[in-house]
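Single-structure report; data block below.
There are 4 protein chains.
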Amino acid sequence: MSSVYGNNLKISIFGQSHSSAIGVNIDGLPAGFSINFDELNAFLRRRMPGRGEYATQRREPDEPEFLSGLVDGITCGAPLAAVIRNTDARSSDYGQLWDIPRPSHADYTAYIKYGGARDARGGGAFSGRLTAPLCVAGGICLQLLRREEIHIAAHIAQIGNIADRAFDPVHVGADEMRILKEAFPVLDTDAGGRMRAAIECARQDGDSLGGIVECAAVGMPPGIGEPMFDGIENRLAGILFGIPAVKGVEFGNGFSAAELRGSENNDAFIMRGDAIQTRTNRHGGILGGITSGMPVIFRVAFKPTPSISMKQESVSLSRREEAWLAVTGRHDPCIVPRAVPCVEAAAAIALYDALLKTRAHV
Amino acid sequence: MSSVYGNNLKISIFGQSHSSAIGVNIDGLPAGFSINFDELNAFLRRRMPGRGEYATQRREPDEPEFLSGLVDGITCGAPLAAVIRNTDARSSDYGQLWDIPRPSHADYTAYIKYGGARDARGGGAFSGRLTAPLCVAGGICLQLLRREEIHIAAHIAQIGNIADRAFDPVHVGADEMRILKEAFPVLDTDAGGRMRAAIECARQDGDSLGGIVECAAVGMPPGIGEPMFDGIENRLAGILFGIPAVKGVEFGNGFSAAELRGSENNDAFIMRGDAIQTRTNRHGGILGGITSGMPVIFRVAFKPTPSISMKQESVSLSRREEAWLAVTGRHDPCIVPRAVPCVEAAAAIALYDALLKTRAHV
Amino acid sequence: MSSVYGNNLKISIFGQSHSSAIGVNIDGLPAGFSINFDELNAFLRRRMPGRGEYATQRREPDEPEFLSGLVDGITCGAPLAAVIRNTDARSSDYGQLWDIPRPSHADYTAYIKYGGARDARGGGAFSGRLTAPLCVAGGICLQLLRREEIHIAAHIAQIGNIADRAFDPVHVGADEMRILKEAFPVLDTDAGGRMRAAIECARQDGDSLGGIVECAAVGMPPGIGEPMFDGIENRLAGILFGIPAVKGVEFGNGFSAAELRGSENNDAFIMRGDAIQTRTNRHGGILGGITSGMPVIFRVAFKPTPSISMKQESVSLSRREEAWLAVTGRHDPCIVPRAVPCVEAAAAIALYDALLKTRAHV
Amino acid sequence: MSSVYGNNLKISIFGQSHSSAIGVNIDGLPAGFSINFDELNAFLRRRMPGRGEYATQRREPDEPEFLSGLVDGITCGAPLAAVIRNTDARSSDYGQLWDIPRPSHADYTAYIKYGGARDARGGGAFSGRLTAPLCVAGGICLQLLRREEIHIAAHIAQIGNIADRAFDPVHVGADEMRILKEAFPVLDTDAGGRMRAAIECARQDGDSLGGIVECAAVGMPPGIGEPMFDGIENRLAGILFGIPAVKGVEFGNGFSAAELRGSENNDAFIMRGDAIQTRTNRHGGILGGITSGMPVIFRVAFKPTPSISMKQESVSLSRREEAWLAVTGRHDPCIVPRAVPCVEAAAAIALYDALLKTRAHV
């Protein structure tokens, strides 16, 4: 169950940071869909390491090989499997982590769960590298959604305590979303500059920084999603917490709605031309788990990556005594920029599967 | 899928606010478990309406009738079904909502999804009343977890802008948790008093208030949960967003972790006696989706209930023009106090199911 | 998992033979469907006991009460729950079965699995009575399928060694199927008469008889079902083996295909007017798990009911020594006639869910 | 859903006959298990083509490459993905099948379902070749089950109208099962000789033959499986019908039980030493969906492979008129010998997953 997500569309992910490959099997794609591979590879490059000063220096081509599900680049109805080889793994970097778990990393829980059999190299299956196959599946779903005039984009809403401005929750549009497809996607380039400086500063300190990603899905028709446990919020949260380092998910006004009165938080229904819409969009496009037709808006909190080169207190698992740890090797001081396409990918998978479910019942 | 949750334990909920009954079928309870019905009913009374100045005046006995799964009050291995009759439904209160949807309520999305066939009486299947069967299932799971020395409790962390103090994330204990089993559970009774006053004030204004519930699960053994899509965070979020009005879920430091550096957010591993623990618990007891053995801590944001008696802008669905709405009838000015046991119930179901899954693989 | 079936349509069954009620929760019905309750009750009466010389004398009204999911008899989109009260349970009949399990009944495996907590009264959750809620769900699905010109009917193909003639696998039609809706549905009334005599003979001997049910689904569009584990055969078998006493399922030529050569078993494709069909239908309307557009035909083997009043060898569970058992109480000498609507119901559920899945991907 | 099977153990299969590779992702294997690769490869060779006069001449090494889930050949807890390259695909053999579907093959239903986008080369995802990844997963599960003293073996019970003798359903033992691990596994070598001759005869006629595989699982503890839809019969049937050409599944006496009276079909409980067993085993080791502790015995019917070189009637999909077809290329005249390990593999997966589920609830 751990690596399988979805119902009418089902993805099954595999791989570890230092296994020979990572990949995904995608079951439930429509037949006859012509994947735009250039676009898919461009999307995948957005989460790739080594693209700038703020990312790890590990470089990999990371272009997926498609093993099945395609005939001449067009989906044939059979499950589509894609693998990405791990060519640049330097296993020796991770030696001491076998015995001394990184604070706030899954090193320790993997030890508890899998014992001596665990793959401790590079975080094993808990590595952020596993978001690459997620992005393969999500990148294809993004293309499928676009056929239905549904567009998804995310930006860096916050790094440390520096905030980008938020999407306009009512008027966020496809055009605005297109300009976000960059390595460091922000709406306010000044804020972006300060974020980069903060990341560089953290790097020089051997430290790391957390942040928040805001994501919007524009064009979702109203009526998608089911009440109770299969709502859009349940589905999105169910996949988003599968991205390493995610510690919070909120929709629309989210936690800040808790501070408001109903009269302040309610979104009045209005007519916009012939369409029933809401004047404001504090509900984030979802009411009762079901899309309202307004943009779906949510925010995802990322903790700072636990792998920092500063000296930290930990314990020796073998000697069961306290020990000091200084992580070496290549680590992002801030994973948030690379997490942006991962959030988009996860959202695309969840929303496309929700769309299929609703369509089943029409 | 919408009303079914879980894997090795599976619950299936049914009912609408004004259907003849609501209920739940629970599949996967162990045989031979003696349910403490007094305790279960006491737990259910915690979410009952009509217990105080801040709750709706609708009064119902709400004691479940058990239709199956028991022999002499002891589980027999067969699915346990429980129903609660809807005896106090006053359908006439909801007449105009058929045509004029409440802003920020599921009235509109239900209309889009189910059209003229929808049950608009009292919010239909979107009513908070559906949390009663959730609490039946959760109340039983709470008892099952306690057999394994796992205790769950929640409190009102915030109403409007008045905050309770937080659980001590390291030392929150079963004793402290026991005192919380009250109608208005807070840690700081002064704050509690101010919250009650704020709720009363909102009531008098015909308005409503949102809030935050903080929940802790103490005693979870380390190693429970699976990586990626079946982690404890995914599972908890997947059920918590099924509670009406929930708009955000965060674990440990959650969104505030985004503002921290790794050196500030990481939890050092230490030895406490023979046990490996963490000095702090900003990770909320979950690393890589798997329990660390520290208390599992999370927070749930509730938007203010959209049903307010103040006049609001909406539209007429039939005439497709703007219209004014003033909701009459009985509505909580703040659902957060009654949501506290719902959060506990949801957590108990999710964690008990996670425990079964892990046990399957040992 | 045990009592839950389906994906886009999900049913969850509960109850024991002597619990206060049995029932089902059905999630995923379309909103706005007007259930024909007279027809549904007529369908349910087909599996009711006490309708003839060959059935148990236990009599119950068995009309379901609908607790949710309906407004004025029309589905509203919320899960539909139905319960049937157990009003005629005579628990005293089953005393010795607590200690001495019936040969070839689930008495023993229930004892192993649930121990002293099991509900041994009347077979507990293993009772054929649990097919009543299956028939409620299936009866509704039959009505939904008929909207799409899909008709399902079954007949008694064999009792003991007396065989009815088989459906014409190519030309079985809706008209022919309508005449089958009787208490003792056979195509050849002479064979039917001999079957009844054989059942009466078994009854007088205190013995029981097995049999075979043949079922056809006419009008299934081609292309429904998925390859591999979600094919029509997998789905049908997955639900049919949930009917007590089923020990075999075969499609089209089934086991007899094993004796044929390809040239004898293959069904030539031909044009019938504008339609591509097959001249013969040895494939039972399913190729590669997917409907071909020809009638779906399958056969279900029922073992003779294990509850016979003849003296039988068994063991005492408490004394762990051999013991003799003579079952008293009311038992069908042959459950096959009452199983016919159960097979239709199961097929309707499985095929309707398959239809929804396929529709999701169009 | 189509390619995913299981709950606590979940497999996800991919590939087409002529895609660049086929494979499987296996989620839920225990960590720390040392796979015996020699044994696994020996198992896989049992289903390989080209091992004798009765099999297709297509030759491939078919040794899987393991991409993930292992560290030094030992499972690490992460999903285990294995791929097998398709190195010997001769696509040109299948040209006319694009337009003229083979009678009784999935060519036609694939055309209906996936249209022009289908992969018609070699049967695409409907090819028997997809049983190779099933056997990888099943071969590992066989090793896991053996750790628990559970042994599974199958033999050719019938080819055309030539029958092997059946397993002794009570005394079938691990020793007897070991001798079956051969290319042409039968209990009666004389019958085996006649089967081979019949296959050779069919080959010379350009025809094919069907058959039956009988399978036994010895050592299953009693109490495994759940009532109703998650019984051992449901689970086994649910995976077995995923093997191409399977048209029937029966347990214990199966269809022949339909001809018996209860007094003839019931299995008396007896004491064997301290153990409660049954004197006979007509119930096939399963009562009420739950294992009884007796050997689990079932039979699987395979239709003759539809690919025969004799001239057959079909239609042209493009011209929508009748057309003749003579299949060229390499095809088994009888797939039953190669299906034997596939049945064992499917059974191992289903039973291992059932074991995990039961263990979850202990």
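Residue numbers (the numbering used here), protein chains in the order written: chain C, 1 to 362; chain H, 1001 to 1362; chain E, 2001 to 2362; chain G, 3001 to 3362.
By construction, the Cβ of each residue, glycine as well, lies at the ideal position given by its N, Cα and C atoms.
Counterpart residues of residue i in DSSP-defined beta bridges
i, result
"serine 34 of chain C", "C:Ile74"
"alanine 153 of chain C", "C:Ala216"
"glutamine 1277 of chain H", "H:Ile1270"
"arginine 85 of chain C", "C:Ala21"
"lysine 303 of chain C", "BP columns for lysine 303 of chain C are empty, so no partner."
"aspartate 2027 of chain E", "E:Lys2010"
"leucine 2040 of chain E", "Beta-bridge pairing links leucine 2040 of chain E to no other residue."
8 Å Cβ cutoff, residue i in contact with chain H
i, result
"leucine 2118 of chain E", "Correcting the residue type first, residue 2118 of chain E is arginine in the shown sequence and not leucine. So yes, arginine 2118 of chain E belongs to the interface."
"alanine 3360 of chain G", "yes"
"leucine 287 of chain C", "yes"
"valine 4 of chain C", "yes"
"glutamate 39 of chain C", "no"
Span of the alpha helix (DSSP H), counted from its first residue to its last, around residue i
i, result
"glutamate 233 of chain C", "232 to 240"
"aspartate 3107 of chain G", "3107 to 3114"
"glutamine 2176 of chain E", "Contrary to the premise, residue 2176 of chain E reads as glutamate rather than glutamine in this sequence. Residues 2174 to 2178."
"serine 3263 of chain G", "3262 to 3265"
"arginine 2146 of chain E", "2131 to 2147"
"valine 2343 of chain E", "2336 to 2361"
Residue-level contact to chain E via CB, residue i, 8 Å cutoff
i, result
"leucine 3260 of chain G", "yes"
"glycine 28 of chain C", "yes"
"leucine 3187 of chain G", "no"
"isoleucine 1140 of chain H", "no"
"leucine 70 of chain C", "no"
"phenylalanine 1229 of chain H", "no"
Cross-chain neighbours of residue i in chain H, by beta carbon under 9 Å
i, result
"aspartate 164 of chain C", "None at all; the shortest Cβ gap to chain H is about 12 Å."
"lysine 3247 of chain G", "Simply none; closest approach about 31 Å."
Element boundaries [beta strand (DSSP E), containing residue i]
i, result
"methionine 2271 of chain E", "2269 to 2272"
"glycine 2248 of chain E", "2246 to 2251"
"glutamine 204 of chain C", "Run containing glutamine 204 of chain C: none in the beta strand (DSSP E); it sits in the alpha helix (DSSP H), 189 to 204."
"alanine 3323 of chain G", "3321 to 3325"
"serine 2363 of chain E", "Residue numbering for chain E in the displayed model covers 2001 to 2362; residue 2363 of chain E lies beyond these limits and cannot be assessed."
Within-8 Å CB hit, residue i to chain C
i, result
"leucine 2097 of chain E", "no"
"lysine 2181 of chain E", "no"
"glycine 3077 of chain G", "yes"
C-beta neighbour in chain G for residue i, strict 8 Å
i, result
"isoleucine 349 of chain C", "no"
Partners in chain C for residue i, counting only beta-carbon separations shorter than 7 Å
i, result
"proline 1103 of chain H", "Asn266, Asp267, Ala268, Phe269"
"isoleucine 3074 of chain G", "Ala117"
"leucine 2356 of chain E", "Ala360, His361"
Neighbouring residues, chain E, relative to residue i (Cβ below 8 Å)
i, result
"threonine 1109 of chain H", "Those within 8 Å of threonine 1109 of chain H in chain E number zero; the least Cβ separation is about 11 Å."
Partners in chain E for residue i, counting only beta-carbon separations shorter than 9 Å
i, result
"cysteine 1135 of chain H", "Residues of chain E passing the Cβ test: none, with the nearest at roughly 17 Å."
Interface partners of residue i on chain G, CB under 7 Å
i, result
"leucine 1366 of chain H", "Only positions 1001 to 1362 of chain H appear in the structure, and residue 1366 of chain H is not among them; the question remains open."
"leucine 1067 of chain H", "The contacting residues do not exist; leucine 1067 of chain H stays about 16 Å from chain G at best."
"aspartate 2175 of chain E", "Under the 7 Å cutoff, chain G gives no residues; its nearest Cβ is about 26 Å from aspartate 2175 of chain E."
Beta-carbon neighbours of residue i, restricted to chain E and to distances below 7 Å
i, result
"glycine 3211 of chain G", "Ala2258"
Could you run through the segment 3008 to 3034 of chain G and flag, in chain order, every residue whose CB is less than 7 Å away from some CB of chain E?
Ile3013
Name the residues in the segment 1297 to 1325 of chain H whose C-beta lies less than 7 Å from a C-beta of chain C; which are they?
Ala1301, Phe1302, Lys1303, Pro1304, Thr1305, Pro1306, Ile1308, Met1310, Gln1312, Glu1313, Ser1314, Val1315, Arg1320, Glu1321, Glu1322
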